[in-house]
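*Asks:* Handing you this structure, nothing more for now.
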Amino acid sequence: MTDLSGKVAVVTGASRGIGRAVAVRLGQLGANVVVNYSRDASGAAATVAEIEATGSRAIDVRADVSKPDEIEALLDTARSRFGGLDIVVANAGLDEGLGPLLDVTEAEYDRMFNVNAKGAFFTLQKAGRMVDSGGSIVYIGSSSTLRPQPGFGLYTSSKLPPSFLVGILAQEIGERGVTVNAVIPTATDGAGYFSAGNDDSQFRSLVQNTSPLGSRMGTVDDVADAVEFFTGTLARWISGQQLLVSGGAPT
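Per the numbering used here, numbering through the sequence shown is continuous, rising by one, with the last residue being 261.
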């Protein structure tokens, strides 16, 4: 198991779903974790409680990632409370607004891009400036960016730019020994469209049948496995990469 004892991690959008699973995993590995949330304070508190149950320390901090000054304050809080900043996982994002490209309004566009594109851009930028030497930055992307799919125009176009920036940032800050990578999940049980209370048995069946490894969906723990790898010493010579977490399905 990866040992992150004494490391300090920030996970954005960690009140539920993939973000919560990643934050709890980092806590299980020994890291002190800053749990970021925007609206769901009770969810963030629940994440903190899960982390503290592992024996690690955790705090929850509200910050809107569409506002760069709040991202910087979030990372500053991690440093001031725990004495450093070793890991940043840029997970916060919106997964709504599926529908025909021709129907997208300017307001919908601005809302999606402010969080998914702008928010991720400045999270990566400020993490690149502030993460300690030898640290790691992980962006949580989406497999919808790998091929054109009707109905995903707004969402996909907002998730694609940060995926491209991962490779650029990896080259620009690599001299400090900081790795920058992306984890690209497919539809994930317990997150996004398949969050609690929002399910579609027909779509679930379709997704389950795409993996050659078995008739199941990927889980938030599968995604956390990939983040664990990128934040540990086994990935110290791996940077600028995008890891598809799909059970072998091409997209």
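By construction, the Cβ of each residue, glycine as well, lies at the ideal position given by its N, Cα and C atoms.
Taking only three categories from DSSP, how would you classify ALA102?
*Replies:* As a first step, residue 102 must be located in the sequence shown, where it is residue number 92. Here ALA102 sits in coil by DSSP.
*Asks:* Looking at ALA117 and the ligand ADP, is the gap between the Cβ and the nearest heavy atom below 7 Å?
*Replies:* The model depicted lacks the ligand ADP and carries no ligand whatsoever.
*Asks:* Would you mind reading off the limits of the alpha helix (DSSP H) that contains VAL34?
*Replies:* Working through the sequence shown from its first residue, we reach residue 34 at position 24. Start and end: 27-38.
*Asks:* CB-CB under 6 Å to GLY29, same chain, minus the five flanking residues each way: which ones, in chain order?
*Replies:* By 1-based counting over the sequence shown, the position of residue 29 is 19. The residues are VAL21, GLY23 and ASN101.
*Asks:* Since I believe TYR47 is in contact with ALA54 (beta carbons under 8 Å), could you give me their beta-carbon distance rounded to a whole number of angstroms?
*Replies:* What you label residue 54 is simply residue 44 of the sequence shown in a count that begins at 1. What you label residue 47 is simply residue 37 of the sequence shown in a count that begins at 1. That belief holds up - the Cβ atoms of ALA54 and TYR47 are roughly 4 Å apart, short of 8 Å.
*Asks:* Starting from THR189, trace the beta strand (DSSP E) in both directions and tell me its first and last residue.
*Replies:* Sequence index remark: in the sequence shown, residue 189 carries index 179 (1-based). THR189 -> beta strand (DSSP E) spans 189-195.
*Asks:* Which class does ASP232 belong to by DSSP, given the choice of helix, strand or coil?
*Replies:* On the sequence shown, position 222 is the one that residue 232 refers to. Looking at ASP232 - three-state DSSP - the assignment turns out to be helix.
*Asks:* Give a yes or no on whether the C-beta atoms belonging to GLU62 and ALA73 are separated by under 8 Å.
*Replies:* Within the sequence shown, the letter at position 52 stands for residue 62. Within the sequence shown, the letter at position 63 stands for residue 73. Not a contact, by the Cβ cut-off of 8 Å.
*Asks:* Got a sec? Which residues, its chain only, sit under 8 Å from ILE248 by beta carbon, not counting five neighbours each side?
*Replies:* Counting from one through the sequence shown, the residue named residue 248 turns up at place 238. Short of 8 Å from the beta carbon of ILE248, and not among the five residues preceding or following it, lie these beta carbons of its own chain, in chain order: THR189, ASN191 and PHE240.
*Asks:* Can you say whether THR155 is buried or exposed, counting buried as having 16 or more other CB atoms within 10 angstroms of its CB?
*Replies:* Translated into positions along the sequence shown, residue 155 becomes position 145. With 16 or more Cβ atoms within 10 Å of its Cβ, THR155 is classed as buried.
*Asks:* Where do the ends of the beta strand (DSSP E) carrying ARG186 lie?
*Replies:* Against the sequence shown, residue 186 aligns to sequence position 176. Unbroken run through ARG186: none, as it is neither H nor E.
*Asks:* Here's the rule I'm using: 16 or more other beta-carbon atoms within 10 Å means buried, otherwise exposed. How should PRO158 be labelled?
*Replies:* Sequence index remark: in the sequence shown, residue 158 carries index 148 (1-based). Exposed, because fewer than 16 other Cβ atoms sit within 10 Å of the Cβ of PRO158.
*Asks:* Using CA atoms only, rank isn't needed, just tell me which of GLN251, ALA259 and GLU238 is closest to LYS17.
*Replies:* Mapped onto the sequence shown, residue 17 falls at position 7. That would be GLU238, whose Cα lies nearest to the Cα of LYS17.
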